[in-house]
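In our numbering, the protein residues as written are 79 to 612. Ideal placement from N, C-alpha and C gives every residue a C-beta, glycine not left out. Just so you know, these numbers come straight off a predicted model, no measurement behind them. Report on the structure given below.
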C-alpha cells in the first residue's frame with residue numbers, strides 16, 4: 079500500500095463488504111431534530127459548570143476537595159462510552175439500535191437531577207443540621223447526608239450524559255451513511271445546538287430570581303441559591319425531555335437481527351453467539367465486549383490513530399482554559415482573592431459574561447464549519463489554523479494578566495482598566511471559533527474513518543471519547559501541583575495548553591491523511607438489504 083492515500087486502500091478492502099447504511103441520507107430536518115438533543119444535554123452541563131462548584135461548598139465540601147468531584151465526568155466517560163458504543167452497535171431491540179440508549183440516558187438524567195436538586199432537602203429530612211447557607215458556609219459543619227446524595231446524583235448525571243452523547247453521535251452517523259459532506263454537516267448541527275444549550279444554561283444560571291417561578295423550590299433547607307439551582311435543573315430536564323421526545327418520534331430505526339449483524343462488516347459477531355444463544359449468553363457477551371475493545375484498539379487504521387493523537391493534544395490545550403477561565407478572570411485579571419472583597423466575584427461574573435460571548439460565536443461558527451474548510455483548503459488545514467488560534471489565545475492570557483497587573487499598580491482602582499476587560503472578553507469570544515471545530519470535526523472524521531474501515535459507529539465514538547477524557551483526567555490531577563511549582567495561579571497550565579494546541583495543529587497538518595473524494599454514490603452498490611432505517 080502506498081502512503082499517498084491511506085483511506086483509498088481501506089475503500090478497496092471494503093468493496094466486498096456490505097455495510098449498514100441508509101439507501102438515501104436523511105433530510106436536514108431529521109439531522110436537526112436529532113442534533114437538537116445536544117441543546118438539552120449542554121443546558122445541564124452549563125449549569126454544572128456555573129452553579130455546582132459553589133453549591134458543593136455551601137453543602138460543606140472544602141474548596142480544595144471540590145475539584146475532585148469533577149473527576150467523575152472523565153472517569154465515567156472513559157468507562158461508559160465504549161461500553162455503550164459497543165452494545166448500541168449490537169442492540170437487537172425492536173425500537174432500533176440507538177434509541178433505547180438515548181431514552182435510558184434521558185431517564186437517568188431526570189433521576190440524577192432529582193437527587194442533585196433535593197440533596198439539601200433530603201439530607202435535612204434524614205438528619206442533617208440546617209447550618210448556615212451563607213457565603214461563609216464552607217467553614218460550617220459538612221452536611222454529610224446531603225453531600226452523599228449530591229455526589230450520587232452527580233455521578234449518575236455524568237453517566238447519563240455519556241449514555242446520551244455517544245448514541246446521539248452514532249445515530250447521526252447512521253442517518254448520514256457514507257455521505258462525508260452530510261456527516262460533517264450533521265456534526266456541525268450538533269455543535270450548534272451545544273452552543274444553544276450553553277447560552278441557555280449560562281443565562282439561566284446568572285439570573286437570581288428564577289426560583290420565583292417555582293415557589294415550592296425554596297424551603298427551610300434550601301435557600302435562594304439552592305432554589306435557583308433547583309429551578310434551573312427543572313428547566314433543563316423539561317427541555318431535554320421535549321427535544322428527545324420530538325426527535326425520537328420523528329426517526330424510525332429499523333430493527334436489526336443477529337443474522338444481519340453477523341453478515342455486516344460494520345459489526346463482527348462470532349457464529350457461536352448466534353447459534354448457541356441459550357449457552358452462556360452473558361459470559362460470551364462479556365468476553366466478546368472485552369475482545370472487541372482490544373481488537374478495536376489493536377486494529378485501528380493509521381488515520382484513526384492520528385485522529386486520536388490530534389484530539390488528545392487538542393484537549394490538553396482546551397481543558398486548562400475550560401476548567402479555570404472564570405477563576406483566571408477573578409484572580410489574575412481582576413486581582414481578587416476568594417472570600418476577600420468583591421474583586422474575585424466581579425471577575426467570575428465577567429468571566430461568565432465572556433462564556434456567553436464564547437457560546438454565541440461557537441453557535442454561529444458551527445453553522446459555517448463546512449464553508450471555512452472549503453476556504454482554507456480542507457479539513458486538516460482548518461484544524462491547523464484553529465489550533466494556532468487556540469495556542470495564540472492561551473499564550474495571550476499571560477500578556478493580558480501582566481497588563482492587568484500594571485493597570486492596577488499605583489492606583490486606587492480595584493477593577494482592571496477598560497481596555498484590559500475588553501481584551502479579556504474578546505479572547506473569550508475569539509476562542510469560540512476553534513471550539514466550534516473541536517466540537518464537530520473530530521467526530522465527523524471518526525465517523526468517516528470508521529465507515530472506511532468497517533468499524534461500528536458507536537464503538538468508534540467511544541474510542542474517540544478516550545482521547546477526550548484522558549486529557550481531562552491529566553489536567554484535573556496535574557494542573558494544581560504544576561501551577562504550585564510556579565507560585566500558584568492559572569498561567570502555567572495555560573502555557574502548557576498553548577504548547578499542546580500548537581503541537582495538535584502541526585500533527586493535524588503533517589500527519590492527518592487527505593480525505594478521499596466523497597464516495598457516497600460509489601458506495602451505494604455496496605449497501606445491503608439490512609438498512610437500519612425504513
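Query	Result
Give a yes or no on whether 7 Å exceeds the smallest Cβ distance from residue 411 to chain B.	Absent here is chain B; the protein component of the structure consists of one chain.
Give me the Cβ distance between residue 299 and residue 165, rounded to the nearest whole Å; I'm assuming they're in contact under 8 Å.	Incorrect: roughly 40 Å between the Cβ atoms, too far for contact.
Tell me the rounded alpha-carbon separation between residue 446 and residue 291.	37 Å
Just verifying my parser: in three-state terms, what is the DSSP assignment at residue 221?	coil
For residue 106, report the span of its alpha helix (DSSP H) as first-last.	106-113
Helix, strand or coil, according to DSSP, for residue 100 in the structure here?	At residue 100 the pLDDT is 43, less than 50, meaning the model places this residue with poor confidence; the figure from the coordinates comes in the next sentence. Residue state, collapsed to three classes: coil.
In chain order, which continuous runs of the alpha helix (DSSP H) of length 4 or greater are located wholly inside the stretch 462-525?	496-508
Considering only residues of the same chain and omitting the five flanking positions on each side of residue 278, which have a CB-CB separation below 6 Å?	121
The alpha helix (DSSP H) with residue 294 in it runs from where to where?	Careful: residue 294 lies outside any alpha helix (DSSP H) and carries neither H nor E.
If you measure between the beta carbons of residue 115 and residue 267, is that distance less than 7 Å?	no
In chain order, what residues of the same chain lie with their CB nearer than 6 Å to the CB of residue 550, ignoring the 5 residues before and after it?	152, 397
With a 10 Å radius around its C-beta and 16 neighbouring C-beta atoms as the bar for buried, classify residue 323 as buried or exposed.	exposed
At the level of alpha carbons, what is the spacing between residue 552 and residue 575?	12 Å
Cα separation between residue 168 and residue 162?	10 Å
Closer than 6 Å by C-beta to residue 522: which residues in its own chain qualify, once you throw out the five before and the five after it? Chain order, please.	261, 262, 265
Taking C-alpha atoms, which residue in 478, 312, 444, 395 lies nearest to residue 409?	478
List the whole-angstrom C-beta distance separating residue 321 from residue 187, where the pair is believed to meet the contact cut-off of C-beta under 8 Å.	12 Å between Cβ atoms; not a contact.
Taking the alpha-carbon positions, what's the residue 160 to residue 525 distance?	15 Å
Taking all protein chains shown into account, decide if residue 565 is buried (16 or more other Cβ within 10 angstroms of its Cβ) or exposed.	exposed
How far does the alpha helix (DSSP H) with residue 260 in it reach, from first residue to last?	258-284
Would you give the residue range spanned by the alpha helix (DSSP H) that residue 616 belongs to?	Nothing can be reported for residue 616: it is not among the residues displayed for the chain, which extend from 79 to 612.
Going by Cα to Cα distance, which pick from 332, 452, 560 is closest to residue 175?	332
Tell me the residue span of the alpha helix (DSSP H) that contains residue 427.	421-444
How many Å lie between residue 570 and residue 517 at the Cα?	25 Å
Exposed or buried, which one is residue 316 when buried takes at least 16 other CB atoms within 10 Å?	exposed
Give me the residue from 314, 312, 276, 544 with the minimum Cα distance to residue 124.	276
Quick check: the Cα distance between residue 399 and residue 572, rounded to an integer number of angstroms?	7 Å
Ordered along the chain, which non-local residues of its own chain (more than five positions away) have a Cβ less than 7 Å from that of residue 520?	385, 389, 542
For the alpha helix (DSSP H) containing residue 448, name the first residue and the last one.	447-454
Do residue 499 and residue 413 have their C-beta atoms within less than 7 Å of each other?	no
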